[in-house]
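Here is the structure we will look at.
Protein chains in written order, with the working numbering: chain Z, 1 to 548; chain G, 1001 to 1303.
Structure representation (structure tokens):
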């Protein structure tokens, strides 16, 4: 295969001065404004930006999927091999999609039709764009399924989407997008919904397929780890504008613009800082904690039993952060919910101040609830939309007999502590951004003066820059109040930075536990090693911390 | 230390009611229902006579008939039967106007009572896990019996009258409300803000009233409207079958039942109360549709 230096040939996609207008009443006039960039053949261009930066709108404009009426291209062009797709007719666009540009989406679950065999869904592209016979189509489908490394294509071609794992579904999507060898592949956060180990495989696959087929890839992501793993060039977007673009190394190691510098600096490093082991009294101890779902019911005597957590043991000292890391379904959230007693554990004990709260009935439990507080993942659902922030914060202290005035005074003080203006108390949650709401949730938890704070993926829904601020806040309050923190996360970078000790969970069992530095430097268990190997952009963080 | 952020107002929510009052179904259905309400309240002042007054000399008259009646001083005065008279010489116009009172009372009372009872039972079923199965199987049992059949059976257990009719219509409606409330409670109790309230030690009754109940208002207003329309219809059916409210009380069902015998010669006996009934049910259902579309798009497909 001949080596084509990137940037020297005709670009497959040239976006020129593209502007897309937002409907009236939105927070800004244009979704994207005057955007220009090129994607060459065999080149992966990552479009990075925080939520609302306009990266998905750019992709939709290129492929002609902008919601009609709401978003209108008012200026500029998107030249796909010289042909402007923004001016193409619907008919022409339909021809182009599949043959010259393909797209894969974030959610492989909903992007496939659940009642159609996956083989048929891939073959549909051939049916629309080619004159191949049914037998030839099947042959082509089998070839591409082999190419995307699906196991046993002869069997899988007749499977339904629900019989496949998330990673396999995403491979089907890639196969569908690439079967006609399009010049351009648009991937909109294709690995965000996947676990790290699966993500690593999919990234490797995209890179491999793209090199072999000379495809130009427009890869949209918010994850700098992913960028450092696969990008040739990077386009950084903010508020609908391109802030900076350049080669991967330029942007990641020598960013020119302040915004890019801030973004890159906000990405937590995978190298944990050295921490002094916390010695102090044990705030909470879990012994043999287990949670089993299902089992015999009246109607179903041999129902499937799911062991969500099995024999989990840990201690958290005052002023210490224990991280529980694991992929989806590993049981980490189950453990958090058991400890917070939102569900009753099937077995084991939870000792807090010497008292076992694992099996207390609700009536006796209420008195002890103030000791354990929790901050949830989704900042948009964690606050009652009908109640003011102040009402939400004073609810807890007032349940424990504090007067409204005292509770409000405390709430005002806490607002300052979490970095919000005191007048925020009179506002409603919808007036705040995600990061601000998460701070409000932290204030609500602190109002109870808890011994243990559980953060259940508390920063996972936030943009990196906001994430960094919330993490800093969590660390501040841990020191200030000598809080014990149970930090649940799937994000190894976050865990490396904030946790004193780490427990790695898989299939409901803790496979490894130790100080963060030990676990990251010398992982013992095979699964832990696999997990760390899969973390995207390992070198990225390392280089950074050396530079810093 | 973290910096102090001023709260940025994201977007002011437009008042729900301004959206509701702009919906054409709400405007149309609502105004007809409102006119009916005014007519029912002002019934004595709309040129009506005592709806139970019998006039043997003016039986079975067509609309527009004018009878000469002696007044208290013995003078003969003309009395118009605008919509004709029935087989006892009662004025159909007055009876239809007064009939609106009974229909609306039944409709609104049934809606309020069944929503109230359903709300309480539904919250218990949705929140107290072990009672859920028992309550819901009982409700399923009630729902399995056709609404009208159950109402007929219930009303025949006691002496006919307004309270008996109302109770008989309420009971078949309750399970529908219970199902709705339970489904709302089940989805809301999983919300992180409810779980947060649990972890800050909010007692269950407070939790239900403060965090769960407000979420049921929109779907319940919608459901209540549909129940109101359905109750008016069921009341008319019971009266028509002669097992509802006593026949001397003017209700649309009673007027129709009375006029059934001579339907082919004197269709107005059935026609006018029929029109009133159809209009009332249509108006209230349209109001309900409009409310559902504006208040609660999420529940639009649930009914």
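Beta carbons are placed, not taken as given, at the ideal position from N, Cα and C, and that holds for glycine.
Whether residue i touches residue j by CB criterion (8 Å)
i               : j               : result
residue 198(Z)  : residue 167(Z)  : yes
residue 238(Z)  : residue 53(Z)   : yes
residue 483(Z)  : residue 453(Z)  : yes
residue 509(Z)  : residue 525(Z)  : no
residue 531(Z)  : residue 504(Z)  : yes
residue 1289(G) : residue 1025(G) : yes
residue 364(Z)  : residue 1192(G) : no
residue 323(Z)  : residue 487(Z)  : yes
residue 1060(G) : residue 1262(G) : yes
residue 441(Z)  : residue 221(Z)  : no
residue 1224(G) : residue 1238(G) : no
residue 1106(G) : residue 1231(G) : yes
residue 290(Z)  : residue 347(Z)  : yes
residue 1119(G) : residue 1181(G) : yes
residue 248(Z)  : residue 236(Z)  : no
residue 1048(G) : residue 1087(G) : no
residue 1125(G) : residue 1113(G) : no
residue 1200(G) : residue 50(Z)   : no
Cβ-based neighbour list, residue i, same chain, cut-off 7 Å, excluding 5 preceding and 5 following
i               : result
residue 544(Z)  : For residue 544(Z), the predicted model reports a pLDDT of 45, less than 50, meaning its position is unreliable; a value from the coordinates is still stated below. Here the set comprises 269.
residue 1078(G) : 1066 and 1068
residue 261(Z)  : 255
residue 33(Z)   : 19, 240 and 241
residue 337(Z)  : 343
Start and end residues, beta strand (DSSP E) containing residue i
i               : result
residue 14(Z)   : 13-21
residue 1078(G) : 1076-1081
residue 38(Z)   : 30-39
residue 245(Z)  : 241-247
residue 221(Z)  : 216-221
residue 285(Z)  : 282-294
residue 187(Z)  : 184-188
residue 206(Z)  : Taken as a continuous stretch (DSSP letters only), residue 206(Z) belongs to no beta strand (DSSP E), being part of the alpha helix (DSSP H) at 196-213.
residue 349(Z)  : 347-352
Same chain, Cβ closer than 8 Å to residue i, neighbours up to 5 away in sequence not counted
i               : result
residue 1204(G) : 1127
residue 132(Z)  : 126 and 140
residue 1004(G) : Since pLDDT at residue 1004(G) reaches only 43, below the 50 mark, its modelled position is unreliable, and the value read off the structure follows with that caveat. Hits under 8 Å: none found.
residue 551(Z)  : Any question about residue 551(Z) goes unanswered here, given that chain Z covers just 1 to 548.
residue 78(Z)   : 13, 14, 15, 16, 18, 61, 62, 84, 85 and 86
residue 1108(G) : 1228
residue 113(Z)  : 121 and 161
residue 533(Z)  : 200
residue 586(Z)  : With chain Z covering only 1 through 548, there is no way to say anything about residue 586(Z).
Enclosing alpha helix (DSSP H) for residue i [first to last residue]
i               : result
residue 1125(G) : 1092-1127
residue 1277(G) : 1268-1295
residue 399(Z)  : 389-399
residue 1254(G) : 1252-1259
residue 1048(G) : Segment: none, residue 1048(G) is in no alpha helix (DSSP H) and carries neither H nor E.
residue 363(Z)  : 362-365
residue 1072(G) : Unbroken run through residue 1072(G): none, as it is neither H nor E.
residue 1173(G) : 1162-1188
Beta-carbon proximity list for residue i, same chain, < 6 Å, skipping 5 on both sides
i               : result
residue 352(Z)  : 284 and 371
residue 1010(G) : With a pLDDT of 41 at residue 1010(G), under the threshold of 50, the modelled position of this residue cannot be trusted; read the value that follows with caution. Nothing meets the Cβ criterion.
residue 44(Z)   : 217, 219, 230, 231 and 232
residue 266(Z)  : 464, 465 and 468
residue 214(Z)  : 41 and 42
residue 142(Z)  : 153
residue 66(Z)   : 60
residue 170(Z)  : 108 and 202
task: Would you mind listing the beta strand (DSSP E) stretches within the segment 480-510 of chain Z that are 3+ residues and don't spill past its ends, in chain order?
output: 484-489 and 501-506
- request: Would you mind listing the beta strand (DSSP E) stretches within the segment 401-485 of chain Z that are 3+ residues and don't spill past its ends, in chain order?
  value: 452-456
- request: Anything in the segment 381-415 of chain Z with a Cβ closer than 7 Å to a Cβ of chain G? List those residues in chain order, please.
  value: 381, 382, 383, 384, 386, 395, 396, 399 and 400
query: Looking at chain Z, which residues of the segment 1263-1287 of chain G have a Cβ within less than 9 Å of any of its Cβ atoms?
result: none
Selection of the segment 1185-1208 of chain G by Cβ proximity to chain Z, strictly under 9 Å: 1191, 1192, 1193, 1194, 1195, 1196, 1197, 1198, 1199, 1200, 1201, 1202, 1203, 1204 and 1206
- request: Using a Cβ-Cβ cut-off of less than 7 Å, list which residues of the segment 327-352 of chain Z approach chain G; keep chain order.
  value: 340 and 342
- prompt: Taking Cβ-Cβ distances below 7 Å as the criterion, which residues of the segment 1212-1230 of chain G are in contact with chain Z?
  reply: 1214
field: Length at least 3, wholly inside the segment 24-102 of chain Z: the beta strand (DSSP E) runs in chain order
entry: 30-39, 44-49 and 72-80
- request: Go through the segment 104-173 of chain Z residue by residue and report every complete run of the beta strand (DSSP E) that reaches 3 residues or more, in order.
  value: none
- prompt: Residues in the segment 21-36 of chain Z with C-beta within 7 Å of chain G's C-beta atoms, listed in sequence order?
  reply: none
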